[in-house]
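Residue numbers (my numbering), protein chains in the order written: chain P, 32 to 148; chain U, 12 to 141.
Quick reminder that beta carbons are idealized off the backbone N, C-alpha and C, glycines included.
All values derive from a computational prediction rather than experimental measurement.
Following: one structure in structure tokens, then a few remarks.
Written out as structure tokens, the structure reads:
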């Protein structure tokens, strides 16, 4: 079975990459082992207390809590990208594994398919 | 080698779709197989059959159709991305009781499962426009 890594690098609002990327993750989880990595502005997708209603768009951050039900349990966040944005793991909506750049390199090496959103 | 491409970029606005096309041509010229091109996000606009560029410019959507006709490439437009952006084939236009459709017949509307399937059944899945 091929291993898929989904790398999400865009902020939650401003583009639809986050929302449509998450759709792809959920679909992927039905077929293959899925790992999720948040880096760059993608780490902002996991920020607690999002109030998207003021933008007239759907706040999809609660969906991250459902990932466990989809058997997506390997969720990683770049340590540097969190730190650069003044965030820590406590600011995020779900428990994640925070990894450094060496960890990201090792994680990517282990995958068969990497999809970026 | 078996390749598939994921195209997120719309035609004309960004180079992503153009680059994907050139990549497709190059890999076919080298004797590789192109299994599928999956159009997602704004990439679904590549599926319009109503593009009318000025005469001295390339018709990017038509060029994808020609490639598919020549090499039997599976061109898949993500149905969820396409419907919200107003890219529809005749079947969907009828289903939603709309007065017209705009998708080229060389393209197939299907779900995200086809992107995952492309990853499973290809040696390389390359993304353009992320």
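Assuming residue i and residue j make a contact with CB atoms under 8 Å, what is their CB distance in whole Å?
i	j	result
residue 99 of chain U	residue 48 of chain U	Actually they are not in contact, since the Cβ atoms of residue 99 of chain U and residue 48 of chain U sit about 19 Å apart, beyond 8 Å.
residue 43 of chain P	residue 92 of chain P	7 Å
residue 130 of chain U	residue 33 of chain P	7 Å
residue 14 of chain U	residue 135 of chain U	5 Å
residue 12 of chain U	residue 43 of chain U	5 Å
residue 138 of chain P	residue 36 of chain P	7 Å
Please work out which residues of its chain come closer than 7 Å, Cβ to Cβ, to residue i, disregarding the five sequence neighbours upstream and downstream, and give them in chain order.
i	result
residue 70 of chain U	62, 64
residue 79 of chain U	86, 117
Using CA coordinates, which residue listed in the options is at the minimum distance from residue i?
i	options	result
residue 80 of chain P	P:68, P:123, P:118, P:39	P:123
residue 123 of chain U	P:54, P:49, P:105	P:54
residue 60 of chain U	U:129, U:73, U:67	U:73
residue 141 of chain P	P:90, P:49, P:67	P:67
residue 115 of chain P	P:75, P:64, P:126	P:75
residue 63 of chain P	P:97, P:120, P:105	P:105
residue 126 of chain P	P:137, P:103, P:51	P:103
residue 98 of chain P	P:117, P:139, P:50, P:60	P:60
residue 94 of chain U	U:77, U:75, U:114	U:114
residue 65 of chain P	P:100, P:120, P:118	P:100
residue 96 of chain P	P:139, P:87, P:77	P:77
Please return the same chain residues whose Cβ sits closer than 6 Å to the Cβ of residue i, not counting the five positions on each side in sequence.
i	result
residue 19 of chain U	51, 52, 54, 140, 141
residue 31 of chain U	16, 18, 139
Check whether the Cβ atoms of residue i and residue j sit closer than 7 Å, and answer yes or no.
i	j	result
residue 73 of chain P	residue 39 of chain P	yes
residue 37 of chain U	residue 45 of chain U	no
residue 90 of chain U	residue 120 of chain U	yes
residue 92 of chain U	residue 57 of chain U	no
residue 58 of chain P	residue 127 of chain U	yes
I'd like the list of long-range same chain contacts for residue i, defined as Cβ closer than 8 Å, with 5 residues on each side in sequence excluded.
i	result
residue 82 of chain U	39, 45
### Query
Within the chosen definition, does the segment 106-117 of chain P reach the segment 139-146 of chain P through at least 3 CB pairs nearer than 8 Å?
no
### the segment 118-137 of chain P in contact with the segment 88-108 of chain U per 3-pair CB rule at 8 Å
no
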